[in-house]
Every structure is written in structure tokens, then in C-alpha cells.
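Numbering (the numbering used here), first residue to last: 2 to 303.
Below you can see the structure in the form of C-alpha cells.
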């Protein structure tokens, strides 16, 4: 998905939030805001929003002279979700359909993003999980997904992670998926905003469960052409690709192969694009191989 007009205020707000959250230095705050303004003014509409986000957060790291300015906030969120995980695992084990319950919790975790950093709390996260437990999952029927996973030719699944915090609950879903297929997990190549990196996969215990690779990139999404060779190979060859979050949705579509997207609808652009209501839990098979605009061909990679 290429840049839309409504993406600009969201990206600029990230710079404003960074200025407020990450420094008390008035001069650096001004530099962050002015830097964001320059990036927005020079934005190429033939790029995806997460690619602009990559540029924006590189500027933030440079101004703050910190290669991971959100480190402490990410550690706090990981700690909160890790405390809640035993309760969620028990709910999954006792549920009539453990795969569906694990999917719900994994999507619910997708609410933990940059926009919630200032207000995140254990109570808010628990409330989100409770609400998710009673919402329908829009898109793929769980029984259809199970049937796909049980096919003899379906042996491997690439799980592309999104944010820290929620990756702790992704581990619960991965446990269920491993009942059907061999799972490989992918995280970002280096720190950007609150996206999950290798250290988060280790904290979540995923590195002990299955192979973990990185995209080799600090884009807060997954642009295949700009990812590592090992990621591109897994993306091509996996029988199923499951991608978490809106950032991955925005960068992986269109795609030359089907991708199963697991996300919560959190912005008006995705709401209009996917024709789903704000706050919906979505599990969507998408393949846009028949509609690949010339300007988006470079994102496909092969």
C-alpha cells in the first residue's frame, strides 16, 4: 500500500510523541519536529508508510544519539505482557478451540503499538484481551484455516512478527501452530520504534521453540525486495506466510504469493482499504498478484 494523504498526520504525530516521550531537551525536541516536517515535505508518494517511518525514526535516533531510544519503554511492555501470559496460556488450554483462542490473544496484542505508549498499562491490556475474547474474527474461518494447516502438502509456515509486547503472546499462537506445521519466525533486523527484534524473540522464549531469522532491515514493516536473502528465501518457499500487524499488511501488499494477515484495524486508511470497521480483529488471506501497479512492482523483489 502506497502513501495516502491520511498517512501524513499519523507519521508526523509519531515525531511529536517521540519529542514528548524521549527527551526533555527543548532544542532536540525542536530538531525532531523540524526534521519530521522536512521528511513529510519531501515524501515520495511511491513508497509505503512504513518506509517513510524508517526514515523518520532514523532521524529520531540520530538527533537523540541513541540507537534504540524506546528500549526502556519496550522492556516495560514486554514485562507487562509476560506477567499476563500464564493466565492466557491457561485460557487457551481450557478452551474448546485452542487455535482460535490463541489467534484472538495474538490479535489483541496488536493493540500495543506506538500510539499507546503514553497510556499503556496492565489494566488496559487485560481489558483489550477480554474484549477480544468476545469479538468475531473477520475473514478466514478458523475451521478453514485448520483444514489448510492439516493438508499433507502444508508443512512449513513463516510467522512474520510485528511489535514487542505482543510477541510474548505470539509465542502462545506459535505453540498451537506447531501442532500442525514447522514454524520459522521472522523479526526486524534492528531496532525501530517498538517493533520486535531478536532480543524480544529471545525474551519471549521463541528462540527456544523454533528457528528465528530477521528481515535484515529496520523498516517497521516488511518490504521483501529490501529484506535479507534468507528472509526472501523463506518468504518464497514457506507453504504458508502469516504476517502480524498493519505495518506488515501495508508493505506486503500487493504480493506475488498469498499471505495470511493477522491484525487489528487501527486506522482510517486500513479501515477503508480493507472495508472492515475500526477495532475489528482480522484474519485475511490476500493475494494481489493480478493487480500490481507499475509503481509498486519494485517492492516485490523477484
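Each residue gets a CB set at the ideal place from its N, CA and C atoms; glycine is no exception.
| task | Just the C-alpha distance for residue 176 and residue 271, rounded to the nearest angstrom, thanks. | result | For the purposes of this step, residue 176 is identified with residue 175 of the chain shown, where counting begins at 1. For the purposes of this step, residue 271 is identified with residue 270 of the chain shown, where counting begins at 1. Rounded to whole angstroms, residue 176 to residue 271 spans 29 Å at the Cα level.
| query | Name the DSSP bridge partner or partners of residue 286? | reply | Taking the chain shown and counting its residues from 1, one reaches residue 286 at position 285. According to DSSP, which records beta bridges pairwise, residue 286 is partnered with 261.
| query | Using the C-alpha atoms, what's the distance from residue 26 back to residue 238? | reply | Position 237 of the chain shown, counted from the first residue, corresponds to residue 238. Position 25 of the chain shown, counted from the first residue, corresponds to residue 26. Approximately 48 Å between the Cα atoms of the pair.
| message | Tell me which residue opens and which closes the alpha helix (DSSP H) that residue 185 is part of. | response | Within the chain shown, numbered from 1, the residue matching residue 185 stands at position 184. Here residue 185 belongs to no alpha helix (DSSP H); instead the beta strand (DSSP E) covers 183-188.
| query | Using CA coordinates, which residue listed in 100, 97, 244, 67 is at the minimum distance from residue 186? | reply | Stepping through the chain shown from its first residue, residue 186 is reached at position 185. Of 100, 97, 244, 67, the residue nearest in Cα terms is 244.
| field | Spatial distance of residue 283 from residue 45 (CA atoms) | value | Taking the chain shown and counting its residues from 1, the one referred to as residue 283 is at position 282. Taking the chain shown and counting its residues from 1, the one referred to as residue 45 is at position 44. Distance between the alpha carbons of residue 283 and residue 45: 29 Å.
| query | Is the region 138-149 close to the region 90-103, with three or more CB pairs under 8 Å? | reply | yes
| said: Here's the rule I'm using: 16 or more other beta-carbon atoms within 10 Å means buried, otherwise exposed. How should residue 304 be labelled? | reply: Shown here, the chain extends from 2 to 303; a query on residue 304 therefore has no answer.
| Quick one: Cα of residue 59 to Cα of residue 226, how far? | Position 58 of the chain shown, counted from the start, is the residue given in the question as residue 59. Position 225 of the chain shown, counted from the start, is the residue given in the question as residue 226. Taking the straight line joining both Cα atoms gives about 20 Å.
| field | Cβ-based neighbour list, residue 182, same chain, cut-off 8 Å, excluding 5 preceding and 5 following | value | The residue given as residue 182 occupies position 181 in the chain shown. Answer for residue 182: 150, 155, 156, 157, 158, 240, 241, listed in chain order.
| Three CB pairs or more closer than 8 Å across the region 52-70 and the region 215-235 | yes
| field | residue 213: first and last residue of the uninterrupted beta strand (DSSP E) it sits in | value | Walking along the chain shown from the start, residue 213 turns up at place 212. Start and end: 213-215.
| said: I need the DSSP call for residue 117, collapsed to helix, strand or coil. | reply: Translated into positions along the chain shown, residue 117 becomes position 116. With a pLDDT of 48 at residue 117, under the threshold of 50, the predicted position of this residue should be treated as unreliable, though the coordinate-derived value follows. Looking at residue 117 - three-state DSSP - the assignment turns out to be helix.
| task | Spell out a yes or no on whether the region 198-218 and the region 22-36 are touching, meaning 3 or more CB-CB pairs, one atom from each, closer than 8 Å. | result | no
| query | Which value, in whole angstroms, describes the spacing of the CA atoms of residue 230 and residue 255? | reply | What you label residue 230 is simply residue 229 of the chain shown in a count that begins at 1. What you label residue 255 is simply residue 254 of the chain shown in a count that begins at 1. Whole-angstrom Cα-Cα distance: 20 Å.
| query | Using the rule of at least 16 other Cβ atoms within 10 Å of the residue's Cβ for burial, across every protein chain shown, is residue 63 buried or exposed? | reply | On the chain shown, residue 63 is found 62 positions in, with the first residue counted as 1. With fewer than 16 other Cβ atoms within 10 Å, it is exposed.
| request: Classify residue 208 as helix, strand or coil using the three-state DSSP reduction. | output: Residue 208 sits at position 207 when you count from the first residue of the chain shown. Three-state result, residue 208: helix.
| task | Compare the beta carbon distance of residue 1 and residue 190 with 7 Å and say whether it is the shorter of the two. | result | Residue 1 lies beyond the range of the chain shown here (2 to 303); nothing can be said about it.
| said: Can you tell me which residues form a DSSP beta bridge with residue 160? | reply: Reading the chain shown from its first residue, position 159 is the one you call residue 160. Per DSSP, 186, 243.
| field | Proximal residues to residue 201 (C-beta, below 6 Å), its chain only, five neighbours per side dropped | value | For the purposes of this step, residue 201 is taken as residue 200 along the chain shown, with counting starting at 1. Same-chain partners within the cutoff: 165, 168.
| task | Leaving out five residues on either side along the sequence, give the residues of the same chain with a beta carbon under 7 Å from the beta carbon of residue 50. | result | Taking the chain shown and counting its residues from 1, one reaches residue 50 at position 49. Cβ within range, chain order: 4, 8, 12, 251.
| field | Residue range of the alpha helix (DSSP H) that includes residue 38 | value | As a position in the chain shown, residue 38 is number 37, starting the count at 1. Run containing residue 38: 27-42, per the alpha helix (DSSP H) assignment.
| field | Rounded separation between residue 109 and residue 281 - CA only | value | The residue labelled residue 109 in the question sits at position 108 within the chain shown. The residue labelled residue 281 in the question sits at position 280 within the chain shown. Approximately 10 Å, taken between the alpha carbons.
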